[in-house]
Amino acid sequence: MTEDGRTRLRAFDQFITKLSSRCNLRCDYCYVYELRDSGWRKRPRIMSAPVREKLVSRIAEHAGRHDLERVRVLLHGGEPLLAGARVIADFTTSVRRALRGAGTEVEFALQTNGVLLTEAFLDLLLDLGVTVGVSLDGYAEAHDRHRAGRGFGKGSHARVATALALLGGARYRPLFGGLLCTIDPANDPVRTFDALTVHRPPAADFLLPHGTWDHPPTGGGGDGALYGAWLCAVHDRWRATGRPMRVRLFESIETLSLSGGGSSSEVLGTVPTAAVAIETDGTVAWTESLNAVAEGAAGTGGTIFSHSFDALLDLDGAPEDGVGSLCRTCRECPLVQVCGGGLRAHRFGRGRGFANPSVYCKDISALIRHSAPWTDQ
Numbered sequence: 013m014t015e016d017g018r019t020r021l022r023a024f025d026q027f028i029t030k031l032s033s034r035c036n037l038r039c040d041y042c043y044v045y046e047l048r049d050s051g052w053r054k055r056p057r058i059m060s061a062p063v064r065e066k067l068v069s070r071i072a073e074h075a076g077r078h079d080l081e082r083v084r085v086l087l088h089g090g091e092p093l094l095a096g097a098r099v100i101a102d103f104t105t106s107v108r109r110a111l112r113g114a115g116t117e118v119e120f121a122l123q124t125n126g127v128l129l130t131e132a133f134l135d136l137l138l139d140l141g142v143t144v145g146v147s148l149d150g151y152a153e154a155h156d157r158h159r160a161g162r163g164f165g166k167g168s169h170a171r172v173a174t175a176l177a178l179l180g181g182a183r184y185r186p187l188f189g190g191l192l193c194t195i196d197p198a199n200d201p202v203r204t205f206d207a208l209t210v211h212r213p214p215a216a217d218f219l220l221p222h223g224t225w226d227h228p229p230t231g232g233g234g235d236g237a238l239y240g241a242w243l244c245a246v247h248d249r250w251r252a253t254g255r256p257m258r259v260r261l262f263e264s265i266e267t268l269s270l271s272g273g274g275s276s277s278e279v280l281g282t283v284p285t286a287a288v289a290i291e292t293d294g295t296v297a298w299t300e301s302l303n304a305v306a307e308g309a310a311g312t313g314g315t316i317f318s319h320s321f322d323a324l325l326d327l328d329g330a331p332e333d334g335v336g337s338l339c340r341t342c343r344e345c346p347l348v349q350v351c352g353g354g355l356r357a358h359r360f361g362r363g364r365g366f367a368n369p370s371v372y373c374k375d376i377s378a379l380i381r382h383s384a385p386w387t388d389q
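So the sequence shown is residues 13 to 389, counted in the numbering used here.
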């Protein structure tokens, strides 16, 4: 930590790998295709073998240099399953082999919309030891309102439910990483939560749709607290039903409030997430939520061919957090050690750059006070 209270990363231990830059759904809140950045249009659809090979060597180089015991490689897109079985198998096998040589364990996780998740893919992922997270926005009406398909009707809920029935079965359940649900205040929060629990996920994450003060989220943010009220209702249902799955957001509030420990949710806490994203052409981006800010805002200015991951950490715009990086309003707030100011992208706008509270400030504050009322004492 620097003298002014800022925390700067020393190493990455999460590598978000975009094996595919396209998707087979048209989700209207998507941070890749629907926000301020259109860089995906110029990138290859699939990460080529030379890019994959260079990425493997860069990850191994970084892990060896920092003696990392463990790293996570997250297979993302677009829709990563569009890359195909051969690309997924080649990449994961190569990474595991290279990191074994560096003395580093690797965890693989794949985030999918579920539409292409067949038994054949699940057998492959089982062999490769890749856990699977699936995006599901709750019950059919809620899910299909935003997550439309390409070429197979208006909604994707039925296909995702079929995939989750497979993933939740005895053979594949060890792969089940959890569900990711994007919040819409128009959806019933209790009904949404109950629709997720039907699939018995080990964990569930609730995602605030990305927005800024210049482009606020639909139906909330700013002066309202609709998202906060929605999350409070979900939190109460979670508690009332005996916490049937892990919810990182809720658990992180408890941990940060009681012990000041670390957060497993990127929305909370004062320590920067040690993650970096690699696009299909080898360009490297910071947190992708910055796609909500402006064209190119997530870019590092580097690629895996021009920069090592260590060199990227020295560039302007490298992940930096801590109370000292926040605006005065946040620094003086009694909840700052829990919320950490929220996501950096959500602070942008009003002609002040990132020197604002989060556009979700009232929502996050309401949730913290509701679920951990002792924080103001």
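We put the beta carbon where it would ideally sit given N, CA and C, even for glycine.
Cα-Cα separation between residue i and residue j, rounded to whole angstroms
{"i": "N441", "j": "A297", "result": "The structure shown does not extend to residue 441, since the chain is modelled only from 13 to 389, so the question has no answer here."}
{"i": "A175", "j": "K30", "result": "22 Å"}
{"i": "G181", "j": "H211", "result": "10 Å"}
{"i": "R53", "j": "C42", "result": "14 Å"}
{"i": "G354", "j": "S337", "result": "12 Å"}
{"i": "E81", "j": "G113", "result": "12 Å"}
{"i": "F27", "j": "S106", "result": "14 Å"}
{"i": "L324", "j": "R77", "result": "14 Å"}
{"i": "R356", "j": "R171", "result": "34 Å"}
{"i": "T292", "j": "S60", "result": "7 Å"}
{"i": "D40", "j": "F24", "result": "31 Å"}
{"i": "L347", "j": "F262", "result": "15 Å"}
{"i": "Q389", "j": "R381", "result": "Residue placement at Q389 is poorly supported in this model, since its pLDDT is 47, which falls under 50; the coordinates still yield a value, given next. Between Q389 and R381, the C-alpha separation is close to 10 Å."}
{"i": "G313", "j": "L238", "result": "37 Å"}
{"i": "E344", "j": "H358", "result": "19 Å"}
{"i": "T341", "j": "P369", "result": "7 Å"}
{"i": "I195", "j": "L140", "result": "32 Å"}
{"i": "A152", "j": "H169", "result": "6 Å"}
{"i": "R183", "j": "E131", "result": "10 Å"}
{"i": "D16", "j": "G352", "result": "Residue placement at D16 cannot be trusted, given a pLDDT of 48 that sits under 50; the coordinates are not used to answer."}
{"i": "V83", "j": "G311", "result": "22 Å"}
{"i": "T230", "j": "L134", "result": "36 Å"}
{"i": "A198", "j": "E65", "result": "45 Å"}
Residue span of the alpha helix (DSSP H) that contains residue i, given as start and end
{"i": "K374", "result": "373–383"}
{"i": "L178", "result": "169–179"}
{"i": "A2", "result": "In the structure as shown, the chain starts at 13 and stops at 389, and residue 2 therefore has no counterpart that could be examined."}
{"i": "V348", "result": "348–351"}
{"i": "F205", "result": "201–209"}
Rounded distance between the beta-carbons of residue j and residue i, thought under 8 Å
{"i": "L137", "j": "L187", "result": "6 Å"}
{"i": "I290", "j": "I316", "result": "6 Å"}
{"i": "S318", "j": "R70", "result": "Contact flag wrong, Cβ pair sits at about 11 Å."}
{"i": "L268", "j": "L280", "result": "6 Å"}
{"i": "R111", "j": "A72", "result": "In the sequence on display, residue 111 carries Leu and not Arg. That pair is a contact at about 6 Å."}
{"i": "L179", "j": "A216", "result": "Actually they do not touch by this definition, with Cβ atoms about 14 Å apart."}
{"i": "P228", "j": "V371", "result": "6 Å"}
{"i": "V118", "j": "V85", "result": "6 Å"}
{"i": "G145", "j": "G96", "result": "The Cβ separation is near 19 Å, so there is no contact."}
{"i": "D322", "j": "H74", "result": "7 Å"}
{"i": "A121", "j": "T104", "result": "Contact doesn't hold; Cβ gap of about 11 Å is too wide."}
{"i": "L379", "j": "G240", "result": "5 Å"}
Endpoints, the beta strand (DSSP E) within which residue i is located
{"i": "E117", "result": "117–124"}
{"i": "D217", "result": "215–219"}
{"i": "L37", "result": "37–39"}
{"i": "L191", "result": "188–194"}
{"i": "R22", "result": "That residue, R22, is in no beta strand (DSSP E); it is neither H nor E in DSSP."}
{"i": "T29", "result": "26–30"}
{"i": "A160", "result": "159–161"}
Minimum Cβ-Cβ distance from residue i to chain D less than 7 Å
{"i": "R53", "result": "This model lacks chain D altogether, as it is built from one protein chain only."}
Exercise. Is there contact between the segment 223–232 and the segment 298–308, where contact requires at least three CB pairs shorter than 8 Å?
Worked result: yes
Exercise. For the 8 Å Cβ check, are there 3 or more pairs between the segment 92–100 and the segment 30–42?
Worked result: yes
Problem set entry | the segment 113–131 contacting the segment 90–97, beta-carbon criterion three pairs below 8 Å | yes
Exercise. Is there contact between the segment 191–207 and the segment 245–259, where contact requires at least three CB pairs shorter than 8 Å?
Worked result: yes
Exercise. At which residue ranges does the segment 225–265 contain complete alpha helix (DSSP H) runs of 4 or more residues, listed in the order of the chain?
Worked result: 238–252
Problem set entry | Residue ranges of each alpha helix (DSSP H) within the segment 291–340, 4 or longer | Runs found: 321–325.
For this session: Please list the segments of the alpha helix (DSSP H) lying wholly inside the segment 87–154, counting only runs of 4 or more residues, in order along the chain.
Result: The qualifying runs are 97–113, 131–140.
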